[in-house]
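**Student:**
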Amino acid sequence: MSGATRVLVLNSGSSSVKYQLLDMRGHRRLATGLVERIGEEAPRLVHTPAGGRRRERRERIAGHEQALRLVAEELDADGLGLGSAELAGVGHRVVHGGRSFTEPTLVTDEVLAEIERLVPLAPLHNPANLTGIRTALALNPRLPQVAVFDTAFHATIPEHAARYAIDAATADAHLIRRYGFHGTSHAYVSRRAAALLGREVAEVNVIVLHLGNGASASAVAGGRCVETSMGLTPLEGLVMGTRSGDLDPAVVFHLARRGGLTVDEIDTLLNKRSGLLGLCGANDMREVLDRAERGEAAARLAFDVYIHRLRKYLGAYVAVLGRVDAVVFTAGVGENSAPVRAAAIEGLEVLGLAVDPGRNAARSGEPRLISPEYARVAVAVVPTDEELEIATQTYALVSPEQSA
Ligand code: AMP
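The numbering of the sequence shown is numbering that gives the first Met the number 0, which starts it at 0 and goes up by one.
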């Protein structure tokens, strides 16, 4: 395996495949791409080799297996295919690892069977992830495949935070507990935040606010996650683009009994037609802000509900951690929306938190502080990089002597 320094990262979603090929020497991206609308109308593949021209393919793409075969063809065309001797392994994002997987894991038949067993916990995602792994294996059976779980970073959450207060036997029988998601992002961002502060990971307590289309918060003490806002599924917690986040569970019974909705309809309502979209008809924070500025009351309310929930979690996690060294914003909204960051932190000087308006408004792709010089707690923006984190974890497993 010596000399093989490249890692292919595959993120097979329910109707898409995102991929990146990275050279772990210097963390260079050699190619990136996306297959979208798999199995739907007008699917397309977009492939961009580093320093080369973006290529696009539009053809029928019936399923994930075919999508991955097309990805392999595109990589082959650039001499970067799955047969390349320089490829050390493939890192797969796997959404749900349940309690079985708390570390990145080299794929074996037993591992595949266990991911399959966890399908009921992530019925849309784990099957797509499995197809990704199986297709990559079929394309090159000798290539090490590593599963990197979205839940793994949260495995350190103590039992009192992971347990729902429901009948314990029922919970155990159905694997019901809080698992948390976006783990690779929370792991990467909390580590980068410590580096930004110039301190050891083990010394710092960080609250990470991952605000993308999906959104989650985590409390990380000395590099170990102790609490996170998503639960059994990515539905719990913050207000998101299309997901409700927290609500009284009795809303579900009410919708079934009084509203006559089926379980599947309620599932779709809460996951796809709620959050910002449900409140004001737009799931993109840029559009919500534009409309709010133009005086649209529903958009203003959607923004206020979003911020209120975020601040509730922020306050709760200060209490969970006791001492906080940094609050860190990341993902699409967190990295780009100065108004969201300002509103989330406004008036929290009593907690040692403040945002400097000039620093907050400055645009940059680099990790940076946005708190004023005098602030007791750092407020930072750290761009997330889930692909790099998956590649790093994969490389550490398949090439430990080189990644050290
Ligand atoms: P992600 O899931 O991390 O890719 O984030 C996607 C979301 O980021 C989009 O739905 C947008 O709402 C949000 N976003 C991207 N750029 C901006 C921006 N400049 N201001 C506010 N939100 C943004």
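We put the beta carbon where it would ideally sit given N, CA and C, even for glycine.
1. Any heavy atom of the ligand AMP closer than 8 angstroms to the CB of Asp283?
2. Identify the continuous beta strand (DSSP E) that holds Asn10 and give its terminal residues.
3. Taking only runs that begin and end inside the stretch 41-72, name each unbroken beta strand (DSSP E) of 3 or more residues, in chain order.
4. Taking Cβ to Cβ, would you say Leu309 is nearer than 9 angstroms to Ala194?
5. Compute the Euclidean distance between the alpha carbons of Ala330 and Asp149, then round it to the nearest angstrom.
6. So, is Pro233 buried or exposed, given that buried needs 16 or more other C-beta atoms within 10 angstroms?
7. I'd like the span of the alpha helix (DSSP H) that includes Arg28, first residue to last.
8. Around the Cβ of Val207, are there at least 16 other Cβ atoms within 10 angstroms (buried) or fewer (exposed)?
9. Residue range of the beta strand (DSSP E) that Phe148 falls in?
10. What residue does the beta strand (DSSP E) around Leu208 start on, and which one ends it?
11. Please list, in chain order, all residues of the same chain as Arg322 whose beta carbon is under 6 angstroms from its beta carbon, the five residues on each side excluded.
12. On the DSSP letters alone, give me the boundaries of the alpha helix (DSSP H) that Arg18 sits inside.
13. Could you tell me the boundaries of the alpha helix (DSSP H) in which Phe252 lies?
14. Evaluate Glu372 with the Cβ neighbour count: other Cβ atoms within 10 Å of its Cβ, from every protein chain shown; 16 or more gives buried, anything less gives exposed.
15. Leaving out the 5 sequence neighbours to the left and right, which residues in its chain are closer than 8 angstroms to Thr241 when beta-carbon positions are compared?
16. Cα-Cα, which of Gly80, Thr183, Leu246, Ala201 is closest to Tyr383?
17. Just reading off the alpha helix (DSSP H) that Gly131 is part of, what are its end residues?
18. So what's Glu345 in DSSP terms, helix, strand or just coil?
19. Return the residue from the list His307, Arg52, Ser243, Leu231 that minimises the CA-CA distance to Arg162.
20. Hey, is the stretch 42-53 in contact with the stretch 62-75, meaning 3+ C-beta pairs nearer than 8 angstroms?
21. Considering just the uninterrupted stretch of the alpha helix (DSSP H) at Arg116, what are its terminal residues?
22. Just grab the DSSP bridge partners of Ala296 for me.
23. State buried or exposed for Leu81, treating a residue as buried only when at least 16 other CB atoms are found within 10 Å of its CB.
24. For the ligand AMP, is there a heavy atom less than 8 angstroms away from the beta-carbon of Gly244?
25. Check Gly88 in the structure and name its three-state DSSP category.
26. Closest to Ala84 by C-alpha separation, out of Leu142, Asp266, Pro399, would be which residue?
27. Taking its Cβ as the centre, do 16 or more other Cβ atoms sit within 10 Å of Asp324, making it buried, or is it exposed?
28. Can you list, in chain order, the residues of its chain with a C-beta nearer than 6 angstroms to that of Phe328? Leave out the 5 residues immediately preceding and following it.
29. Assign Phe180 to one of three DSSP states: helix, strand, or coil.
30. Taking only the alpha-carbon atoms, compute the straight-line gap between Gly259 and Gly244 and give it to the nearest angstrom.
31. In chain order, what residues of the same chain lie with their CB nearer than 7 angstroms to the CB of Gly364, ignoring the 5 residues before and after it?
32. Using only CA atoms, which one of Arg5, Ala218, Gly62, Glu286 lies nearest to Glu39?
**Tutor:** With the structure as the only source:
1. The residue labelled residue 283 in the question sits at position 284 within the sequence shown. Answer for Asp283: yes, Cβ within range of the ligand AMP.
2. Reading the sequence shown from its first residue, position 11 is the one you call residue 10. 5-11 is the extent of the beta strand (DSSP E) around Asn10.
3. Complete beta strand (DSSP E) runs here, min 3: 43-48, 54-56.
4. One-based indexing of the sequence shown puts residue 309 at position 310. One-based indexing of the sequence shown puts residue 194 at position 195. Cβ atoms of Leu309 and Ala194: not closer than 9 angstroms.
5. Position 331 of the sequence shown, counted from the first residue, corresponds to residue 330. Position 150 of the sequence shown, counted from the first residue, corresponds to residue 149. If you take the alpha carbons of Ala330 and Asp149, they lie about 15 angstroms apart.
6. On the sequence shown, position 234 is the one that residue 233 refers to. Buried, because 16 or more other Cβ atoms sit within 10 Å of the Cβ of Pro233.
7. Numbered from its first residue, the sequence shown carries residue 28 at position 29. Looking at the DSSP string, Arg28 is not in any alpha helix (DSSP H); the run it does join, the beta strand (DSSP E), is 27-35.
8. For the purposes of this step, residue 207 is identified with residue 208 of the sequence shown, where counting begins at 1. Buried is the call here.
9. Along the sequence shown, one-based indexing puts residue 148 at 149. Note, Phe148: beta strand (DSSP E), 144-148.
10. Counting from 1 along the sequence shown, the entry for residue 208 is found at position 209. Leu208 -> beta strand (DSSP E) spans 204-210.
11. As a first step, residue 322 must be located in the sequence shown, where it is residue number 323. Closer than 6 angstroms at the Cβ level, and outside the excluded window around Arg322, lie Asn204.
12. Numbered from 1 along the sequence shown, position 19 holds the residue referred to as residue 18. Note that residue 18 is Tyr in the sequence shown, not Arg. It is not in any alpha helix (DSSP H) - Tyr18 instead sits in the beta strand (DSSP E) that spans 16-22.
13. Translated into positions along the sequence shown, residue 252 becomes position 253. 249-256 is the extent of the alpha helix (DSSP H) around Phe252.
14. As a first step, residue 372 must be located in the sequence shown, where it is residue number 373. Around the beta carbon of Glu372, fewer than 16 other beta carbons sit within 10 angstroms, so the residue counts as exposed.
15. By one-based count along the sequence shown, residue 241 stands at place 242. Cβ neighbours of Thr241 within its own chain (closer than 8 angstroms, five residues either side excluded): Asn212, Asn270, Lys271, Arg272, Ser273, Gly274, Leu275, Leu276, Gly277, Asn282.
16. The sequence position of residue 383 within the sequence shown is 384, counting from 1. According to the sequence as given, residue 383 is Thr; it is not Tyr. Out of Gly80, Thr183, Leu246, Ala201, Thr183 has the C-alpha closest to the C-alpha of Thr383.
17. Residue mapping note: residue 131 aligns to position 132 of the sequence shown, counting from 1. Annotation for Gly131: the continuous alpha helix (DSSP H) segment containing it runs 124-138.
18. On the sequence shown, residue 345 is found 346 positions in, with the first residue counted as 1. DSSP places Glu345 outside both helix and strand once states are collapsed to three, so it counts as coil.
19. Stepping through the sequence shown from its first residue, residue 162 is reached at position 163. It is Leu231 whose Cα lies nearest to the Cα of Arg162.
20. As far as the Cβ criterion goes, the stretch 42-53 touches the stretch 62-75, which means the pair count is three or higher.
21. The residue given as residue 116 occupies position 117 in the sequence shown. 108-116 is the span of the alpha helix (DSSP H), which, as asked, contains Arg116.
22. What you label residue 296 is simply residue 297 of the sequence shown in a count that begins at 1. Per DSSP, none; premise fails for Ala296.
23. In the sequence shown, the residue the question calls residue 81 occupies position 82. A residue is called buried once 16 or more other Cβ atoms fall within 10 Å of its Cβ, and Leu81 is buried on that count.
24. Position 245 of the sequence shown, counted from the first residue, corresponds to residue 244. For the ligand AMP, not one heavy atom lies less than 8 angstroms from the Cβ of Gly244.
25. By one-based count along the sequence shown, residue 88 stands at place 89. DSSP places Gly88 in strand when its eight states are reduced to three.
26. The residue given as residue 84 occupies position 85 in the sequence shown. Of the candidates Leu142, Asp266, Pro399, the one whose C-alpha sits nearest the C-alpha of Ala84 is Leu142.
27. Position 325 of the sequence shown, counting from 1, holds the residue named residue 324. Result: buried.
28. Position 329 of the sequence shown, counted from the start, is the residue given in the question as residue 328. Leu208, Arg340, Val380.
29. In the sequence shown, residue 180 corresponds to position 181, counting from 1. Assignment of Phe180 by DSSP, reduced to helix, strand and coil, places it in the coil class.
30. The residue you call residue 259 lines up with position 260 of the sequence shown. The residue you call residue 244 lines up with position 245 of the sequence shown. Each residue's alpha carbon lies about 22 angstroms from the other.
31. Walking along the sequence shown from the start, residue 364 turns up at place 365. The residues are Pro382.
32. Along the sequence shown, one-based indexing puts residue 39 at 40. Closest in C-alpha terms to Glu39, from the list Arg5, Ala218, Gly62, Glu286, comes Gly62.
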